[in-house]
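Colleague:
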Amino acid sequence: GRVRRPGMKLAILAVGHKPPAWVAAGCAEYVKRMPRELPLSVVEVKPEPRGSKSREQLLAAERTRLLVAMQGCERMVVLDERGVDLPTLKLAERLEGWMRLGGDTAFVIGGADGVDETLKGQASECIRLSSLTLPHALARLILCEQLYRAISIVRKHPYHREG
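Following my numbering, the residues of the sequence shown are numbered contiguously, the last one being 170.
Structure, rendered in structure tokens:
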């Protein structure tokens, strides 16, 4: 069988243009803090030019790009406003479970039109970051912070304090 390498990679696949510098700097800060056995990367996926295409066509084109970017990831988690509300502690539990199972995990943040339904159907799960409507770039930063917070909880690091 396949030899499982220790650790697991996390990737945030974000459909969109370059975020503002302060968002990129914030993301970079959390990426840098991640432990060696759980590296995090943020991958920008080019949005499809709108032109005269239907929403379905745009999303299908972006789905193809996302699938290419996801190569090697065994688990896909889609961020969706209708997804499951995951409190931070539950996210930490999920993360711990995935680490036990091994296999890299991709988190997908769709572009302006959201995420293709077919892709959502293939996801291990759909989660929602907030009941607030977040700008795309901010969702990326919040997800970086929450993944860092989740691994801090798993490792009993003092960054996260409950209550």
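Built from N, CA and C at the ideal position, the CB exists for glycine as well.
Beta carbon of residue 62: closer than 7 angstroms to some heavy atom of the ligand MN?
Modeller: Among the components of this structure there are no ligands whatsoever, and the ligand MN is therefore not found.
Colleague: On a Cα-Cα basis, can you pick out the residue from 154, 163, 167, 168 that is closest to residue 41?
Modeller: 154
Colleague: Are the Cβ atoms of residue 115 and residue 85 separated by less than 8 angstroms?
Modeller: yes
Colleague: Does DSSP classify residue 122 as helix, strand or coil?
Modeller: coil
Colleague: For residue 143, I'd like the list of residues in its chain whose CB is within less than 6 angstroms of its CB, leaving aside the five on either flank, ordered along the chain.
Modeller: 23
Colleague: Excluding the five sequence neighbours on either side, which residues of its own chain have a C-beta within less than 7 angstroms of the C-beta of residue 134, listed in chain order?
Modeller: Non-local C-beta neighbours of residue 134 in its own chain, meaning closer than 7 angstroms and more than five positions away in sequence, comprise 84, 86, 90, 91, 93, ordered along the chain.
Colleague: How about residue 68 and residue 55: do their beta carbons lie closer than 8 angstroms?
Modeller: For the 8 angstroms CB-CB criterion, residue 68 and residue 55 form a contact.
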